[in-house]
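Here the structure is laid out as structure tokens; the discussion comes afterwards.
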Amino acid sequence: MNYTARKILLVEDETDILLMERKLLIKEGYESIFTASDCGQAMKKVADIQPHLIVLDIMLPDGNGFELYQSIRKITDAPILFLSARDEDADRIAGLGLGADDYITKPFLPEELLLRIRNVLIRAYREDNEASQDVLWLSDTMVDWGGGMVCRNGKDVMLTAKEYQILQKLAENRGNIVTIDCLCDTLWQGENFGYENTLMVHIRRLREKLEKDPSNPKWLLTVRGLGYKLVK
Amino acid sequence: MEKGTILNKLHFILFMVLTVVLSAIITIVIYIFIAMVGMKGQRILSVSNIVKELKNTQDGYSLSNEAMDTLKQNHCFAFLMNEDGNVIWEYAKPKDVPDEFSLQEVASFSRWYLKDYPVLNWKYESGIFVLGYPKNTLWKYTVEMPNSQIELLIKWMIPMMLFIMSCIFTVGAIWNKKVLHNQDKERTEWIAGVSHDIRTPLTMILGYAKELSEPQTITNEQKEQAQIILRQSQRIKVLVEDFNMANKLTYGMLTIDKKKVKLSAVLRQVVADIMNAGMNDCYEISLELSEDCIAKVDEKLLYRAVTNLVRNSINHNPLGCHITVSCQKIRFGSLIRVQDDGCGYEKEIRKHRRVTSKKLNAHGLGLIIVNRIMKAHHGTLKLYNKGGAVAELRFLRAR
Numbered sequence: 000m001n002y003t004a005r006k007i008l009l010v011e012d013e014t015d016i017l018l019m020e021r022k023l024l025i026k027e028g029y030e031s032i033f034t035a036s037d038c039g040q041a042m043k044k045v046a047d048i049q050p051h052l053i054v055l056d057i058m059l060p061d062g063n064g065f066e067l068y069q070s071i072r073k074i075t076d077a078p079i080l081f082l083s084a085r086d087e088d089a090d091r092i093a094g095l096g097l098g099a100d101d102y103i104t105k106p107f108l109p110e111e112l113l114l115r116i117r118n119v120l121i122r123a124y125r126e127d128n129e130a131s132q133d134v135l136w137l138s139d140t141m142v143d144w145g146g147g148m149v150c151r152n153g154k155d156v157m158l159t160a161k162e163y164q165i166l167q168k169l170a171e172n173r174g175n176i177v178t179i180d181c182l183c184d185t186l187w188q189g190e191n192f193g194y195e196n197t198l199m200v201h202i203r204r205l206r207e208k209l210e211k212d213p214s215n216p217k218w219l220l221t222v223r224g225l226g227y228k229l230v231k
Numbered sequence: 000m001e002k003g004t005i006l007n008k009l010h011f012i013l014f015m016v017l018t019v020v021l022s023a024i025i026t027i028v029i030y031i032f033i034a035m036v037g038m039k040g041q042r043i044l045s046v047s048n049i050v051k052e053l054k055n056t057q058d059g060y061s062l063s064n065e066a067m068d069t070l071k072q073n074h075c076f077a078f079l080m081n082e083d084g085n086v087i088w089e090y091a092k093p094k095d096v097p098d099e100f101s102l103q104e105v106a107s108f109s110r111w112y113l114k115d116y117p118v119l120n121w122k123y124e125s126g127i128f129v130l131g132y133p134k135n136t137l138w139k140y141t142v143e144m145p146n147s148q149i150e151l152l153i154k155w156m157i158p159m160m161l162f163i164m165s166c167i168f169t170v171g172a173i174w175n176k177k178v179l180h181n182q183d184k185e186r187t188e189w190i191a192g193v194s195h196d197i198r199t200p201l202t203m204i205l206g207y208a209k210e211l212s213e214p215q216t217i218t219n220e221q222k223e224q225a226q227i228i229l230r231q232s233q234r235i236k237v238l239v240e241d242f243n244m245a246n247k248l249t250y251g252m253l254t255i256d257k258k259k260v261k262l263s264a265v266l267r268q269v270v271a272d273i274m275n276a277g278m279n280d281c282y283e284i285s286l287e288l289s290e291d292c293i294a295k296v297d298e299k300l301l302y303r304a305v306t307n308l309v310r311n312s313i314n315h316n317p318l319g320c321h322i323t324v325s326c327q328k329i330r331f332g333s334l335i336r337v338q339d340d341g342c343g344y345e346k347e348i349r350k351h352r353r354v355t356s357k358k359l360n361a362h363g364l365g366l367i368i369v370n371r372i373m374k375a376h377h378g379t380l381k382l383y384n385k386g387g388a389v390a391e392l393r394f395l396r397a398r
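So the sequence lines, in the order shown, correspond to chains A and B.
Numbering-wise (numbering that gives the first Met the number 0), the first sequence opens with residue 0 and increments by one.
Numbering-wise (numbering that gives the first Met the number 0), the second sequence opens with residue 0 and increments by one.
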């Protein structure tokens, strides 16, 4: 099931914003979008249509989004995104603390909303996704996440646990620089002092498995002094 | 909005409180003084003046009519006693007052009361003139105190007054601080409310401007205009957020979560995120990081401060520049430096080594936020020009 085929419920009391969000999602290719403008309506629609993802405003005319969140959770485990004009840290922490999948503050850029909805959908319904989602293609090299191996020229090479973690972190942020510190933190939680050289060794081994010419990498690039990047 | 005004306000209110208290004290003192003088003039007849009116004539003693009227008006009585204690003249003497007195009785009423009548004495020829008031009209007791105690009291009077004054001052200051804190809280909440209300319409402007700038059906000029709307509303978005942040920092409404942080890691994250967000090729950022710089800071706020400085370098040099971000250990802590080879800080900022908020206004909210963040960390911000703009953040050594 493609993620754009998922049912999305938007809960927002401002009709204009609701319209705009709906338009944005339709333009992006989403097919089933439902809307509700208060808590009562929202609860009814959640029960009726069983949405795959719910976007909640925090301030609603007949209650607040945090309470609504808890009521919805009793009915469904669908991912919930908070969308609010309140940017207080306390609200953000309250929202994420309840277990919400994301917290977006207004004003947001249209792309930001779309990207976050997409990410949450993909993350939440990973096992339902087609096989292609579980594979990373770097030209003729295929990384099989399920098997934890790299397949090139018909030969399979296993990835070590650390290499797997590095590659996953880089793939999650594909196209962006991931700092040395961030990678070390993923590999050696908390105790990341003086591991930079060890990280370099892991990266070199990873390149030998991924790159045609490991000393002249095309995919896994070093950004001097900062970190590494997996080219898009 | 500036700290300057709030301090002035604090001083002003303290001054007002002090003035009110002092004027109250002075008023009370003056009041007591007037009351005492007034009492003396109106209620207590002067014995010496009455005595002057008593004449010893051949027919015996006689009081002038004037004095008699005064005694009558005040319901007073008077008598004259010779050296043997016998009353030899009297005026309106009550019946319960005897006609002769023993030495003991004289000694007693000269100090206290005569049959509950308050009386005042004056010597007259070889006898005693006694002026009596109606019962319960005059408080009459003598006060005795050792000389040393009086001296002590006088000696301690000024320190005592100072002590009382400082007490009043402290109470005033504490009360006043509480009031001001509540005012600050209200103000911060109000500003947070206003920026909240700006966010919703801004969301729509951003959304539709983005949509307008995309389709091919409109002319290039219209597309450009839509992009201008988009860019400018993004600017408002940043401004509203910065304004809210600066406000919270100014009034101490932001919880600051200080932890030991490896500075090089934060700086790398700042630079990586700026590069990831897409940076024009005309800018170049290089890092000179010492890996052993540890400071006790709020990581999010430090991230924000350094981001603001790097963004400033980018925004103020539209033709491109080379930015160097560095950190190193110094004697009392650590130093972060953000340096570019561009146009430098404006004169007003550079001239004042100590950065005041007033001077920073011209440079937008970015530097104000940096300044506030440094203050919240008890660190310092120094801005100067050396082949471009240089900003130095100093943190004290983490304990």
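Quick reminder that beta carbons are idealized off the backbone N, C-alpha and C, glycines included.
Keep in mind that this is a model prediction, so the values were computed, not measured.
1. Opposite W136 of chain A in the DSSP bridges: which residues?
2. May I ask which residues mark the beginning and end of the alpha helix (DSSP H) holding P158 of chain B?
3. Within the same chain, show all residues whose beta-carbon is closer than 6 Å to that of R122 of chain A, passing over the 5 residues directly before and after it, in chain order.
4. So which residues on chain B does K105 of chain A lean against when the C-beta distance must stay under 8 Å?
5. For chain A, find out if any of its Cβ atoms is closer than 8 Å to the Cβ of Q268 of chain B; answer yes or no.
6. Among A:L186, A:G174 and A:L59, which residue has its Cα nearest to the Cα of A271 of chain B?
7. Would you kindly work out how many angstroms separate the C-alpha atoms of R352 of chain B and H376 of chain B, rounded to a whole number?
8. For L59 of chain A, which of A:Y2, A:T14 and A:V134 has the nearest alpha-carbon?
9. What do you get for D180 of chain A, buried or exposed, if any count of 16 or more other CB atoms within 10 angstroms of its CB means buried?
10. Rank B:M80, B:M144 and B:V170 by C-alpha distance to the C-alpha of V129 of chain B and give the top, closest one.
11. Is G277 of chain B close to chain A, meaning its C-beta is less than 8 Å from at least one C-beta of that chain?
12. Return the CA-CA distance between W174 of chain B and I167 of chain B, expressed in angstroms with no decimal places.
13. Verify whether the separation of the beta carbon atoms of L286 of chain B and L301 of chain B is less than 8 Å.
14. Within the 8 Å Cβ cut-off, does I179 of chain A reach chain B?
15. Since I16 of chain A meets chain B, which of its residues come closer than 7 Å, beta carbon to beta carbon?
16. Going by Cα to Cα distance, which pick from A:I71, A:F65 and A:G146 is closest to K44 of chain A?
17. What are the start and end residues of the alpha helix (DSSP H) that includes A77 of chain B?
18. In whole angstroms, what is the alpha-carbon distance linking A361 of chain B and L113 of chain A?
19. Quick one: does M159 of chain B have its CB under 8 Å from some CB of chain A?
20. Classify S289 of chain B as helix, strand or coil using the three-state DSSP reduction.
21. Below 8 Å on the Cβ atoms is my contact criterion, and I expect K209 of chain B with P109 of chain A to pass it. Report the Cβ-Cβ distance as a whole number of Å.
22. With F108 of chain B as the anchor, note down where its alpha helix (DSSP H) starts and where it stops.
23. Let me know the secondary structure DSSP gives L130 of chain B once reduced to three states.
24. Hey, which unbroken runs of the alpha helix (DSSP H) at 4 residues or more fall wholly within the region 32-102 of chain A?
25. Verify whether the separation of the beta carbon atoms of K203 of chain B and I16 of chain A is less than 8 Å.
26. Once DSSP output is grouped into helix, strand and coil, what is the label at D272 of chain B?
27. Check the DSSP bridge columns for G226 of chain A and list the partner residues they point to.
28. L8 of chain A: buried (16+ other C-beta within 10 angstroms of its C-beta) or exposed?
29. For F14 of chain B, which residues does DSSP report across the bridge?
30. Could you say which of B:D83, B:S61, B:K92 and B:E82 lies nearest to H74 of chain B if we only look at CA atoms?
31. Could you tell me which chain A residues have their CB closer than 7 Å to the CB of G365 of chain B, listed as they occur along the chain?
32. Check the DSSP bridge columns for W88 of chain B and list the partner residues they point to.
33. Which of helix, strand or coil does DSSP assign to T379 of chain B?
34. Which same chain residues, not among the five before or five after S101 of chain B, have their C-beta less than 7 Å away from its C-beta?
35. Got a sec: is the Cβ-Cβ distance from A84 of chain A to anything in chain B below 8 Å?
36. Just the Cα atoms here: how many angstroms apart are T221 of chain A and R85 of chain A?
If we stick to the structure as given:
1. When beta bridges are read from the DSSP output, W136 of chain A appears opposite A:M141.
2. That run of the alpha helix (DSSP H) goes N146 to L211.
3. The answer is none, since no qualifying residue turns up.
4. Taking the beta carbon of K105 of chain A as reference, the chain B residues within 8 Å of it are R198, T199, L201 and T202, listed in sequence order.
5. Chain A, which has a Cβ nearer than 8 Å to the Cβ of Q268 of chain B, makes this yes.
6. Out of A:L186, A:G174 and A:L59, A:G174 has the C-alpha closest to the C-alpha of A271 of chain B.
7. The predicted position of R352 of chain B is uncertain, since its pLDDT is 46 and thus under 50; a value taken from the coordinates is nonetheless stated next. Between the alpha carbons of R352 of chain B and H376 of chain B lies a distance of about 19 Å.
8. Here the closest residue by C-alpha is A:T14.
9. Classification of D180 of chain A: buried, given that the 10 Å Cβ count is 16 or more.
10. The candidate whose alpha carbon is nearest that of V129 of chain B is B:M80.
11. Taking 8 Å as the CB threshold, G277 of chain B stays off the interface with chain A.
12. The straight-line gap from Cα to Cα measures roughly 11 Å.
13. Contact: no.
14. With a threshold of 8 Å between beta carbons, I179 of chain A makes contact with chain B.
15. Ordered by position in chain B, the residues that pass the 7 Å Cβ test against I16 of chain A are T199, T202 and M203.
16. Of the candidates A:I71, A:F65 and A:G146, the one whose C-alpha sits nearest the C-alpha of K44 of chain A is A:I71.
17. For A77 of chain B, there is no enclosing alpha helix (DSSP H); the residue is part of the beta strand (DSSP E) that begins and ends at F76 to M80.
18. Since pLDDT at A361 of chain B reaches only 47, below the 50 mark, its modelled position is unreliable, and the value read off the structure follows with that caveat. Cα-Cα distance, rounded: 37 Å.
19. Taking a beta-carbon distance threshold of 8 Å, M159 of chain B does not count as an interface residue toward chain A.
20. In this structure, S289 of chain B counts as coil in the three-state DSSP scheme.
21. With a Cβ gap of about 5 Å, K209 of chain B and P109 of chain A count as contacting.
22. From DSSP, the alpha helix (DSSP H) with F108 of chain B extends over L102 to R110.
23. Residue state for L130 of chain B is assigned as strand, using DSSP reduced to three classes.
24. If you keep only unbroken alpha helix (DSSP H) runs of at least 4 residues inside the region 32-102 of chain A, you get 38-48, 64-74 and 88-97.
25. It should be noted that the sequence gives Met, not Lys, for residue 203 of chain B. For M203 of chain B and I16 of chain A, yes; Cβs fall inside 8 Å.
26. If DSSP states are grouped into helix, strand and coil, D272 of chain B belongs with the helices.
27. For G226 of chain A, DSSP records a beta bridge to A:T178 and A:V222.
28. With 16 or more other Cβ atoms from the protein chains shown falling within 10 Å of its own Cβ, L8 of chain A counts as buried.
29. DSSP output for F14 of chain B lists no bridge partner at all.
30. Selected option, being the one with the closest Cα: B:K92.
31. Correct list: empty, because the minimum Cβ distance to chain A is about 18 Å.
32. Looking at the DSSP assignment, W88 of chain B forms a beta bridge with B:L79.
33. Residue state, collapsed to three classes: strand.
34. The residues are G84.
35. With its beta carbon less than 8 Å from one in chain B, A84 of chain A belongs to the interface.
36. Looking at the two C-alpha atoms, the distance is approximately 39 Å.
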